[in-house]
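Okay, structure first, notes after.
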């Protein structure tokens, strides 16, 4: 639908990811210098110039799988490591938070204010690092240029596109349940009270006019809610009071991040059935992904000690438990790559994947492009873990062949 | 005034799209068809009036002969013509017309994506049957495609392209009162809130243009020569179609209006919005005094749901049905 949706989706999800990681780093008592390095590395990668150039090009939204790939990469852009269960949970929280923000936005245009709230927080994270700060500032400019001229109808189209992306996601988030903004069935509370959006009148008035334009009658009716007048409008510039709280950081050390896996709507399983049918556009997506990831550099772990693991759960046992008990219909799936078809796209992806190799070694036996790709695909930790069903990325050895069959995409 | 009936379960949840519910009442067979859009799929339910039989069908928007193409659907609507009933599906790729039970595709029109600037979304949206043999479909460029439909068979042809709107079409409606006296028989609305009033024929005639106020008009209806328009601000405006005179302004909803419907025999108006509320109003149009009255009758709140479709199930407004974003059911209400 709208070809301008991807930048907003990426920036807002990225912003939520940073809020959650910042909270977990604090909760795990990570040394301040390491925590700062992680945040800076991820933000630098997020705002990489080439990457953003690709992102801002008019294009259709990625599939859920493709976007998950991008965020997996982003989360590993630093010395921090996440097990699959933690990465799943991180992604659940990010997506449910942004779904909440999109749904609750009073006007479609307010999605831009939500994006600015995330941007403002990101700017605050890197305020002491001038070179990253300038990248962030440039992105502000791009957002303002691209989105402030759009009409209300175009923003609604963006919103509708996002809502299709988030359709049928009802994962329960502990903070939302506690704050009573989400019901126990996973659906968000939509209050029929509070201020109306900017530009809207409080419902309840009927005005009738004569042919000459004079008002002849005024009638009141019961609006069935408890609405108040609109608040002032937030700032759509690169700075200023955004007025809305949507998109600001709701986590703190005392409000931990948890999700509940049970109680999801039974229709999510049916929905997933449609999604897991071979996607004929995957080839196009791969091309885009390859271009996009060309800008995402992964941190080479020179010394095993400098890397450390972040757990989104309270204990290691909980994390393992979560991996085992995650319902099938909620698995994010992976990008299945054609090993033999479409050499062009695969070659490009393979070349980029080569840059992601952790210790810099290529698999020595690889000769054909297919073998190259298979070997390098091993570096996509979550692919391996999901397909083989083993534990965290730590168990994967360099060059180990994945014993799986590759789906052939038409 | 109304009470809730048993809901109809559908295979997928409804997507957040304007006017996302279409209803076709088939009296001879004592059946009602409902259609709801979910991303790239149309969910069709055929419900028997005795409430005992439900059958489901799904249509995907696929270009024939192109196996790998799917696209998101913007709107689906039944078009009732004197000779036949058809089902029209509009998507990012084009327009598909099916027999009303969804069994056979009788026509396909691909949208020309070549001359649109790349950043602009391309899609078809806004569907209405008009007069005896026309189906009008809107396009994101603002154009309205007029198709000439024969009384049977698949020899549907593109008769005319109306280029008056400059912004994407949101909704199109034809005069539904059944009165032969109305001069105007079609109204079209766009994302800027602009309304065009037309007279159909071999060559459609533009009767009037009512300017918008920079706010999308998401749903529009035409009844007894009165245009009823719902906007993103939650307001409903009533205009005299041919003159553009504003007869009424209602601060109807606290959020973006997604659907309007009129029961032509009784003058009942249904409005539904993202604010979770469906409202029933009564319109009185007195041509002799050239006056229009609007009275509010009833509210229904669909808790925690952003409503995307609401339609009367019959011409008197005895029953209506509602769909909401992320909801896998069609909620029904009937008069007490």
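Chains as they are written, first to last, in UniProt numbering: chain R, 1 to 410; chain B, 1 to 336.
Yeah, the Cβ is synthetic: ideal placement off N, Cα and C, and Gly gets one too.
### Query
Among residues of its own chain, excluding the 5 on either side of residue 242 of chain B, which ones have a beta-carbon nearer than 8 Å to its beta-carbon?
183, 184, 197, 207, 208 and 225
### Query
Under a three-way DSSP split, which group does residue 218 of chain B fall into?
Three-state result, residue 218 of chain B: strand.
### Message
Checking the sheet assignment: what are the DSSP bridge partners for residue 135 of chain B?
### Response
B:129 and B:147
### Task
Compare the C-beta of residue 277 of chain B with all C-beta atoms of chain R and state if any pair is closer than 8 Å.
For residue 277 of chain B, the answer is yes, since a Cβ of chain R falls inside 8 Å of its Cβ.
### Message
Please state whether the Cβ-Cβ distance between residue 308 of chain B and residue 40 of chain B is less than 8 Å.
### Response
If you check the CB distance, residue 308 of chain B and residue 40 of chain B do not come in under 8 Å.
### Message
Tell me which residue opens and which closes the beta strand (DSSP E) that residue 44 of chain B is part of.
### Response
41 to 48
### Task
Under 6 Å Cβ to Cβ from residue 194 of chain R, same chain only, skipping five residues before and after it: list those, please.
none
### Query
If we count the other Cβ atoms within 10 Å of its Cβ and call it buried at 16 or more, is residue 154 of chain R buried or exposed?
buried
### Query
Name the chain B residues that come within less than 7 Å of residue 183 of chain R, Cβ to Cβ?
304
#### Entry: residue 239 of chain R - DSSP class collapsed to helix/strand/coil
coil
### Task
Mind listing the chain R neighbours of residue 34 of chain B? Cutoff is C-beta to C-beta under 8 Å, in chain order.
By Cβ distance, chain R contributes nothing, its closest Cβ being about 17 Å from residue 34 of chain B, past 8 Å.
### Task
Count the other C-beta atoms from every protein chain shown that fall within 10 angstroms of the C-beta of residue 270 of chain B, then say buried if there are 16 or more, exposed otherwise.
buried
#### Entry: Alpha-carbon to alpha-carbon, residue 222 of chain B and residue 210 of chain R
20 Å
### Task
For residue 24 of chain R, count neighbouring Cβ atoms within 10 angstroms of its own Cβ and tell me buried if that reaches 16, exposed if not.
buried
### Task
Would you decide whether residue 340 of chain R is buried or exposed? Buried here means 16 or more other CB atoms lie within 10 Å of its CB.
With a pLDDT of 30 at residue 340 of chain R, under the threshold of 50, the predicted position of this residue should be treated as unreliable, though the coordinate-derived value follows. When all chains shown are included, residue 340 of chain R counts as exposed.
### Task
With DSSP collapsed to three states, give me the class of residue 286 of chain B.
strand
### Task
Starting from the Cα of residue 123 of chain B, find the closest Cα among B:103, B:131 and B:94 and give me that residue.
B:94
### Query
Which value, in whole angstroms, describes the spacing of the CA atoms of residue 308 of chain R and residue 110 of chain R?
38 Å
### Query
How would you label residue 89 of chain R, buried or exposed, when you count the other beta carbons within 10 angstroms and need 16 or more for buried?
buried
### Exposed unless 16 or more other CB atoms sit within 10 angstroms - verdict on residue 6 of chain R
It counts as buried.
### Message
Counting only C-beta atoms, is residue 206 of chain R closer than 8 Å to chain B at any point?
### Response
yes
### Message
Can you confirm whether the stretch 35 to 53 of chain B touches the stretch 3 to 21 of chain B when touching is taken to mean that 3 or more C-beta pairs between the two stretches lie within less than 8 Å?
### Response
yes
### Query
Would you report the Cα separation of residue 368 of chain R and residue 33 of chain B, rounded to the nearest angstrom?
Below a pLDDT of 50, predicted positions are generally treated as unreliable, and residue 368 of chain R, at 39, falls in that range; the measurement from the model is reported next regardless. So the alpha carbons of these two residues sit roughly 56 Å apart.
### Message
For residue 22 of chain R and residue 75 of chain R, I'd like the C-alpha separation in whole angstroms.
### Response
12 Å
### Task
Compute the beta-carbon to beta-carbon distance between residue 218 of chain B and residue 257 of chain B, rounded to the nearest angstrom, for a pair I have assumed lies under 8 Å.
6 Å
### Query
Taking C-alpha atoms, which residue in R:164, R:15, R:243 and R:161 lies nearest to residue 232 of chain R?
R:243
### Query
Using DSSP with H/G/I as helix, E/B as strand and the rest coil, what is residue 60 of chain B?
strand
### Query
When you compare each of B:177, B:251 and B:158 to residue 196 of chain R by their alpha carbons, which one comes out closest?
B:251
### Query
Going straight from the alpha carbon of residue 162 of chain R to that of residue 170 of chain R, what length do you get?
15 Å
#### Entry: the stretch 80 to 89 of chain B in contact with the stretch 149 to 160 of chain B per 3-pair CB rule at 8 Å
yes
### Query
Going along the chain, which residues of the stretch 82 to 104 of chain B sit with their C-beta nearer than 8 Å to a C-beta in chain R?
92
### Query
By DSSP, does residue 201 of chain R sit in helix, in strand, or in coil?
Residue 201 of chain R falls in the coil class under three-state DSSP.
### Message
Buried or exposed, going by whether 16 or more other CB atoms sit within 10 Å of the CB of residue 274 of chain B?
### Response
buried
### When B:202, B:211, B:203 and B:177 are compared against residue 188 of chain B, the one with the closest alpha-carbon
B:211
### Query
Where residue 68 of chain R and residue 91 of chain R are concerned, what is the direct C-alpha to C-alpha distance, given to the nearest angstrom?
8 Å
### Message
8 Å is my cut-off, CB to CB: does residue 130 of chain R come that close to chain B?
### Response
Taking 8 Å as the threshold, the shortest C-beta distance from residue 130 of chain R to chain B does not fall below it.
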